[in-house]
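Chemist:
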Amino acid sequence: MRRLLLSAAFLLALTDPARAATPAASPIVIGHRGASAYRPEHTAMSYKLAIQMGADFIEPDLVMTRDGVLVARHENEIGRTTDVARHPEFANRKVTRTIDGETFTGWFVEDFTLAELKTLRSRERRPDARPESARYDGQESVFTLQEIIDIAKAGAAARGRPVGLYVELKNPDYFRSVGLPMEKALIDVLAANGLNTADAPVIIQSFFPSALIALRSMTPIKLMFLVNSQSPPAAILAANHIARWSDVWSPDGLRKIASFADIVGPETQIILPRDVEGRSLPASDFVADAHAAGLKVHVWSVNPENLDLPVELRCGDPSSPGFGHRLGDVETEARRLFARGIDGAFSDAPDMLVKVRAEGPEAWSRKAEAGRSCASRQ
């Protein structure tokens with residue numbers, strides 16, 4: 006972090022605790038895999054665009070190569086987000102593997118060295134939903150955590166403000182089982198960059214309590230436990246001694262989470278539940294309960310397409326081709342969440358959340374009550 010090439014503005018942004026620990030604006034906005042509604046996820050162009058759009062943090066999901074390097078992929082199977090299937094030299098590495106109770110067939114990052122991964126090119130995960138993003142397929146490779154830290158540093162220096170890293174350890178129990186423990190590797194990289202401190206603009210997240218418990222003794226960095234509205238596989242429940250998944254976000258469950266995490270990360274539908282037809286139900290007490298347990302709440306993911314929104318916020322003709330992939334009224338969804346008092350939100354389209362945040366609390370409540378507005382989507 007203290008390389009001579011860094012500007013004074015960047016040094017101030019990353020070393021002044023008052024500025025580094027928590028960005029001034031609230032709720033914070035996290036660029037989910039960068040600005041992945043507009044560029045292929047986990048590419049430099051996606052992260053840089055998120056920073057340009059005003060995201061307070063960029064989010065790399067981390068997996069580990071065969072030679073022990075942390076790289077950014079949403080999962081360790083890389084067939085959907087790279088061109089590995091077009092590389093005949095890797096054809097014999099396509100296998101079927103069980104990861105934390107779920108079975109997948111494809112190519113797995115732990116079977117590749119970093120040098121081999123660097124021969125692959127990234128591509129859009131959802132080309133049918135995001136054809137504009139898919140136009141950028143093949144332009145970049147797979148990025149290491151160190152390279153992403155450098156992107157955040159450069160963004161902070163250029164803009165004179167903190168740019169945080171919100172890293173997620175993916176399947177850490179699995180990686181540990183194959184001889185690739187992730188936790189120490191993560192802390193080593195952060196420490197080498199002067200970022201293993203309580204006031205560093207870094208948050209570490211995981212769906213796996215075991216990883217967070219291990220990290221608690223290794224780092225003063227804030228930790229976040231992710232909570233999905235759908236129950237994970239039975240193997241994960243059993244491994245963590247959980248009888249019912251809904252118990253995790255009960256008041257008692259939240260108090261237990263507070264013993265190993267500082268932040269809880271619920272899926273949007275835990276706060277704003279929906280009925281079987283996808284229409285919004287009355288908001289839950291999750292945010293208040295989490296705050297009562299001493300936890301901050303960073304919700305995921307507030308995304309712009311109709312298929313990710315409740316029925317009443319979808320825009321356009323439901324019978325038209327591609328309706329689910331068209332943009333809906335994500336602004337009203339964000340206002341509803343902001344009005345509940347959340348402390349942060351992940352989004353594939355961070356620009357939209359930054360815009361809503363600027364409206365302020367009075368407008369959040371007033372406009373949320375007014376209901377859907379599709380005027381900007383026509």
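Each residue of the sequence shown is one higher than the one before, starting from 6 at the first, in this note's numbering. Glycine included, every Cβ here is placed at the ideal spot set by N, Cα and C.
Between the Cα of residue 170 and the Cα atoms of 299, 33, 276 and 119, which residue gives the shortest distance?
Modeler: When only C-alpha atoms are compared, the closest one is 33.
Chemist: Beta strand (DSSP E) containing residue 229: first to last residue?
Modeler: Counting along the chain, the beta strand (DSSP E) containing residue 229 begins and ends at 227 to 232.
Chemist: Rounded to the nearest angstrom, what separates residue 308 and residue 315 at their Cα positions?
Modeler: For residue 308 and residue 315, the distance between alpha carbons rounds to 11 Å.
Chemist: Leaving out five residues on either side along the sequence, give the residues of the same chain with a beta carbon under 6 Å from the beta carbon of residue 301.
Modeler: Here the set comprises 268 and 348.
Chemist: Applying the 10 Å Cβ sphere with the 16-neighbour rule, what's the burial state of residue 128?
Modeler: Result: buried.
Chemist: Assuming residue 76 and residue 122 make a contact with CB atoms under 8 Å, what is their CB distance in whole Å?
Modeler: About 6 Å separates the two Cβ atoms, so the contact holds.
Chemist: Suppose you measure from the CA of residue 311 to the CA of residue 134; what does that come to, to the nearest Å?
Modeler: Between residue 311 and residue 134, the C-alpha separation is close to 10 Å.
Chemist: Which parts of the segment 151 to 214 are runs of the beta strand (DSSP E), unbroken and 3 residues or longer, counting only runs that do not cross its ends?
Modeler: The segment 151 to 214 contains these whole beta strand (DSSP E) runs: 169 to 174 and 207 to 211.
Chemist: So what's residue 93 in DSSP terms, helix, strand or just coil?
Modeler: Looking at residue 93 - three-state DSSP - the assignment turns out to be helix.
Chemist: Identify every residue that forms a DSSP beta bridge with residue 77.
Modeler: In the DSSP output, where bridge partners are listed per residue, residue 77 has 67.
Chemist: Quick check: what's the CA-CA separation for residue 73 versus residue 334?
Modeler: Distance between the alpha carbons of residue 73 and residue 334: 42 Å.
Chemist: Reducing DSSP to helix, strand and coil, say where residue 118 ends up.
Modeler: Residue state, collapsed to three classes: coil.
Chemist: In or out: residue 280 buried (at least 16 other Cβ within 10 Å) or exposed?
Modeler: So residue 280 counts as exposed.
Chemist: If I follow the unbroken beta strand (DSSP E) through residue 315, where does it start and stop?
Modeler: That residue, residue 315, is in no beta strand (DSSP E); it is neither H nor E in DSSP.
Chemist: Indicate the three-state DSSP secondary structure (helix, strand or coil) for residue 28 in the structure shown.
Modeler: Interpretation of residue 28 is limited by its pLDDT of 47, a score under 50 that renders its predicted location unreliable; the figure taken from the coordinates is listed afterwards. Looking at residue 28 - three-state DSSP - the assignment turns out to be coil, as it is neither helix nor strand.
Chemist: Along the chain, where does the beta strand (DSSP E) containing residue 351 start, and where does it finish?
Modeler: Residue 351 -> beta strand (DSSP E) spans 349 to 352.
Chemist: Near residue 331, what residues of its chain come up, given a Cβ to Cβ distance below 6 Å and the 5 sequence neighbours on each side ignored?
Modeler: Cβ within range, chain order: 311 and 321.
Chemist: In whole angstroms, give me the CA-to-CA distance for residue 158 and residue 30.
Modeler: Rounded to the nearest angstrom, the two C-alpha atoms are 20 Å apart.
Chemist: Rounded to whole angstroms, what's the CA-CA distance from residue 359 to residue 93? Just pull it up for me.
Modeler: Their Cα atoms are separated by approximately 43 Å.
Chemist: Confirm, please, whether the CB-CB distance from residue 49 to residue 137 is below 8 Å.
Modeler: Result no, Cβ atoms of residue 137 and residue 49 do not sit closer than 8 Å.
Chemist: Using C-beta distances below 6 Å, list every residue in its chain close to residue 59, excluding the 5 sequence neighbours before and after it, in chain order.
Modeler: Counting only Cβ-Cβ distances below 6 Å, and skipping sequence neighbours, we find 359.
Chemist: Using DSSP with H/G/I as helix, E/B as strand and the rest coil, what is residue 268?
Modeler: In this structure, residue 268 counts as strand in the three-state DSSP scheme.
Chemist: Mapping the DSSP letters down to three states, classify residue 332 as helix, strand or coil.
Modeler: If DSSP states are grouped into helix, strand and coil, residue 332 belongs with the strands.
Chemist: Whole angstroms is fine: what's the gap from residue 398's alpha carbon to residue 341's?
Modeler: The first residue shown for the chain is 6 and the last is 383, placing residue 398 beyond what the model contains.
Chemist: May I have the straight-line CA-CA distance separating residue 142 from residue 89, to the nearest angstrom?
Modeler: Computed Cα separation, rounded: 13 Å.
Chemist: Run through the DSSP bridge pairs and tell me what residue 305 is partnered with.
Modeler: In the DSSP output, where bridge partners are listed per residue, residue 305 has 272.
Chemist: Please determine if the segment 218 to 238 and the segment 188 to 196 are in contact, where contact requires at least 3 C-beta pairs separated by less than 8 Å.
Modeler: At 8 Å Cβ cutoff, the stretches touch.
Chemist: Please look up how many angstroms separate the CB atoms of residue 117 and residue 86, rounded, as I've assumed it's under 8 Å.
Modeler: With a Cβ gap of about 13 Å, residue 117 and residue 86 do not count as contacting.
Chemist: Indicate whether at least one CB of chain B lies closer than 8 Å to the CB of residue 218.
Modeler: Chain labels in this structure do not include chain B; a single protein chain is all it has.
Chemist: Can you check which of these residues, 259, 289 and 313, is closest to residue 298 by C-alpha distance?
Modeler: Per the Cα distances, 259.
Chemist: In whole angstroms, what separates the C-alpha of residue 376 from that of residue 112?
Modeler: Using only the alpha carbons, I get a separation of about 44 Å.
Chemist: Short check: CB of residue 205 to CB of residue 230, under 8 Å?
Modeler: Against a cut-off of 8 Å, the Cβ pair of residue 230 and residue 205 comes out as no contact.
Chemist: Please list, in chain order, all residues of the same chain as residue 371 whose beta carbon is under 6 Å from its beta carbon, the five residues on each side excluded.
Modeler: There are no such residues.
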